[in-house]
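Written out below as structure tokens is the structure these notes cover.
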Amino acid sequence: MKVKNILLGSALVALAAAGGTALAAPTLTFDDPGIRGGTVSYDGDGGVLTGTDIRFNSIDFSGGIAPNESSLTCSGCLLNFTTGANTIEGSDTADYEFAAGGEFVLTGSALDSSNTVIANGILLTGTFTDRPTAIPSNLNPNTPPGTVNVSGFGLDTKHEDLLAYFGIDPDTSFIFSSTNIALGTTSFQDNGGFSGTVNNADIVNSGTPPVAVPEPGEIGLLGFGLALLLTGIGLRRSRSL
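In mature numbering (1 follows the signal peptide of the UniProt record, and there is no 0), the protein residues as written are -24 to -1, 1 to 217.
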């Protein structure tokens, strides 16, 4: 079985019309210190790029003055995502491209230091609005870790109770600035499919203050970005080399 170490970089940038005024440009960071879990995979048969049960356990606020605590525990938080279908078939040495669409959803409970539930259920949800790409750059199997840079754009909304807790205007626009997804010893199938196990994950959203009065009842659209450090899991080839 041919095994590659790959590094995935992913940028999911969301731009949304927003309203109201704000005094600060906030940043929310979802992270996974001390835990690991979940997978990222592609079936190699023209399907989607899939992230499954990627774990998070912290939420941090920066870039402003939080009216409450600036850090929360993210209990039982799992990220699941899919892109649109594959549009350009890749391999361990060739680029992948996926269609817009799909979705990404982070579920769980945000808890303060006294274990009071601040927000529960879907903490963020959205969809890709352009064509995410996965571009391998490691052509030498003897030079780990190899890299694959993934980029994409999307829009998402976040739980209104979570935004309220951090004092964030619900109509703040968030632009994701940078991210990386890294896979080690990731296995490729003969048809181009691959899979890796997550051992580090980050979602970062950098906000821009609203500039107009919102419609009543609107929930702010926020950008979504994530960084995942992945450790590969072996897949048997569908046929012999």
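Backbone N, C-alpha and C define an ideal beta-carbon position, used for all residues, glycine too. It should be emphasised that the depicted structure is a prediction, and the values quoted were computed from it without experimental measurement.
Is it the case that the Cβ atoms of residue i and residue j are separated by a distance below 7 Å?
i: Phe74; j: Asn62; result: yes
i: Asn56; j: Thr15; result: no
i: Tyr141; j: Ile179; result: no
i: Asn96; j: Ser89; result: no
i: Leu100; j: Leu82; result: yes
i: Ile30; j: Ala177; result: yes
Give a yes or no on whether the minimum CB-CB distance between residue i and chain D is below 7 Å.
i: Phe74; result: Checking the listed chains, one finds no chain D in this structure; it contains a single protein chain.
Leaving out five residues before and five after residue i in sequence, what residues of the same chain have Cβ atoms less than 6 Å from its Cβ?
i: Gly102; result: Phe80, Gly130, Leu131, Asp132 and Phe200
i: Asn167; result: Gly20
i: Leu25; result: Tyr18, Thr59 and Phe74
i: Ser47; result: Asp36
Roughly how many angstroms separate the alpha carbons of residue i and residue j, rounded to a whole number?
i: Leu54; j: Thr69; result: 31 Å
i: Ile144; j: Gly60; result: 31 Å
i: Gly13; j: Phe37; result: 23 Å
i: Gly66; j: Leu4; result: 33 Å
i: Gln165; j: Arg107; result: 23 Å
i: Ile98; j: Leu138; result: 10 Å
i: Ser149; j: Gly78; result: 21 Å
i: Ser163; j: Pro112; result: 13 Å
i: Ser171; j: Asn181; result: 26 Å
What residues in its chain sit with their C-beta under 8 Å from that of residue i, if we drop five residues either side in the sequence?
i: Asn33; result: Asp7, Asp8, Pro9, Gly10, Ile11, Thr49, Cys50, Ser51 and Cys53
i: Gly169; result: Ser17, Tyr18, Asp19, Gly20, Asp21 and Leu211
Skipping 5 residues on each side, what residues in its chain have a beta carbon closer than 7 Å to that of residue i?
i: Thr92; result: none
i: Ala76; result: Gly60, Phe104, Thr105, Asp106 and Arg107
i: Gly23; result: Ala61 and Asn62
i: Pro43; result: Gly143
i: Glu45; result: Asp88 and Ser89
Tell me whether residue i counts as near the ligand FAD, meaning its Cβ is closer than 6 Å to at least one heavy atom of that ligand.
i: Asn56; result: Ligands are entirely absent from the displayed structure, and the ligand FAD is therefore not among its contents.
Next on the checklist: As an exercise, report each continuous beta strand (DSSP E) stretch of at least 3 residues that is fully enclosed by the region 48 to 87, in chain order.
Outcome noted: 72 to 74 and 77 to 87
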